[in-house]
Amino acid sequence: MNMNKVILVLVDGLAHEVAQHSLGYLLAMSEAGRATGYKLQCELPAVSRPLYETILTGTRPVDHGVVHNQVVRPSREQSIFTLARAAGLTTAAAAYHWLSELYNRAPYQAVRDRFTQDERLAIQYGVFYHRDDYPDCHLLLDAEWLRRRFDPHFLLIHPMNVDDAGHKHGLDSAQYRNSARRLDLWLADYLPGWLEEGYQVLVTSDHGMNRDHSHSGTLPEEREVPLFVLGEAFSHDRHARPRQLELCGTLASLLGLAHDKPVCGELLK
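For our numbering, add 945 to where a residue sits in the sequence shown, where the first one is 1.
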């Protein structure tokens, strides 16, 4: 099994219906045949912390037990981070502090955990934040610093401003759409360099957003989220039907890890 370096960009709260017309750079890459976009249906409940755990472990919320955002404890599942560390790979994340709580230490203590450098942890190198309005442009700088400084095999990048705009202004708002547009254009500054250096990149979301300024239920705008894949390890088969539960296993396969997680084999060469 080939080993690739992988970057997962997990855009919090980005509905597919907004992604399909607001992410101009990623859509341009798709039109040029350098990216492929898919529509995923998120698991339930369509809430952030449960779906972080689902994406990163391949397990449903009703099975892993993190069923709402107030479940503050470390993950009890085998995650992409623990799989990578067991194989001796290097891990890093620029992400909201709930990711630190799930995979490193809970509860989060900002002075201790905001800047993490500890080879014993599941996420060895991290820059974590704890304000929903922490600027996405700053977060991408944090991620790029981690990438250049520590050269991780797996890097998680988790921006929050789209979700924050959705909660403040709702799905059908200029603020929500423009937050997605800004993030897309900031990604355009980094993605070409990542691809040139051989990274396999996935851009997806945990859940969408509704017109009530919230999410957690079964409305299409809450459950349908985008997935873009970029890199030479992908098949770019437009007829593939990936599931959110298959993202962890697909990441593990890209990293060349032995695992028993569900995989969307159609995504991979």
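Beta carbons: idealized from backbone N, C-alpha and C, even for Gly.
Assumed close pair residue i, residue j - CB separation to whole angstroms, cut-off 8 Å
i, j, result
"PHE1026", "TYR1048", "5 Å"
"GLN1145", "LEU985", "Going by Cβ atoms, the distance from GLN1145 to LEU985 rounds to 17 Å, so no, they are not a contact pair."
"ASP1077", "ASP1109", "4 Å"
Cβ neighbour criterion (16 or more within 10 Å) applied to residue i
i, result
"HIS1009", "buried"
"GLY969", "exposed"
"ALA964", "buried"
"HIS1013", "exposed"
"ARG1094", "exposed"
"HIS1103", "buried"
"VAL1227", "One cannot answer for residue 1227 here, as it falls past the ends of the chain, which runs 946 to 1214."
"ARG1092", "buried"
"PRO1197", "It should be pointed out that residue 1197 corresponds to Ala in this sequence rather than to Pro. By the neighbour-count rule (16 or more Cβ atoms within 10 Å), ALA1197 is buried."
"ALA1040", "buried"
Coarse secondary structure for residue i, derived from DSSP in three states
i, result
"GLN1062", "strand"
"LYS1206", "coil"
"GLN986", "strand"
"LEU1116", "coil"
"TYR1041", "strand"
Selected residue, minimal CA-CA separation from residue i, among the options
i, options, result
"ALA1203", "LEU1034, LEU1084, LEU996", "LEU1034"
"PRO1097", "ALA1088, MET1105, PHE1179", "ALA1088"
"ALA973", "ASP1129, LEU1164, HIS1152, TRP1139", "ASP1129"
"TYR997", "PRO1187, ALA1031, VAL954, LEU1028", "VAL954"
"GLN1069", "ALA1037, GLU1046, ALA1051", "ALA1037"
"ARG1126", "HIS1160, LEU971, MET1154", "LEU971"
"VAL992", "GLU1141, ARG1021, ALA1031, SER1161", "SER1161"
"VAL1208", "GLN1062, PRO1187, PHE1179", "PRO1187"
"ASP1151", "LYS950, TYR1121, LEU1213, MET1105", "MET1105"
"LEU1213", "SER1180, GLY1201, GLU1191", "SER1180"
"VAL1056", "LEU1164, HIS1075, LEU1044", "HIS1075"
"PHE1060", "TYR1121, ALA1032, VAL1011, TRP1090", "TRP1090"
"TRP1139", "GLU1166, LEU1100, SER1124", "LEU1100"
"SER1159", "PRO995, GLY1111, HIS1083", "GLY1111"
"PHE1173", "THR1149, GLU1191, MET948", "THR1149"
"GLY1153", "GLY1071, PRO990, ALA977, ASN947", "PRO990"
"ARG929", "GLY1115, GLN1054, LEU1136, LEU1066", "No answer is possible for residue 929: it lies beyond the span of the chain, which begins at 946 and ends at 1214."
"GLY982", "VAL1170, GLY1210, GLU1191", "VAL1170"
"LEU959", "ARG1122, ILE952, GLY1210", "ARG1122"
heavy atom of the ligand GDP below 8 Å from residue i C-beta
i, result
"ALA1203", "Judged by which ligands are present, the structure shown has none, so any question about the ligand GDP falls away."
Q) Which whole runs of the alpha helix (DSSP H) in the stretch 1136 to 1199 are 4 residues long or more, in chain order? A) Entirely contained in the stretch 1136 to 1199, the alpha helix (DSSP H) runs reaching 4 residues are, in chain order, 1165 to 1168, 1192 to 1199.
Q | Complete runs of the beta strand (DSSP E) confined to the stretch 949 to 1034 [at least 3 residues] | A | Fully enclosed beta strand (DSSP E) runs of 3 or longer: 951 to 956, 981 to 986.
Q.
In chain order, what are the residue ranges of uninterrupted alpha helix (DSSP H) at least 4 long that sit wholly in the stretch 1071 to 1097?
A. The stretch 1071 to 1097 contains these whole alpha helix (DSSP H) runs: 1081 to 1095.
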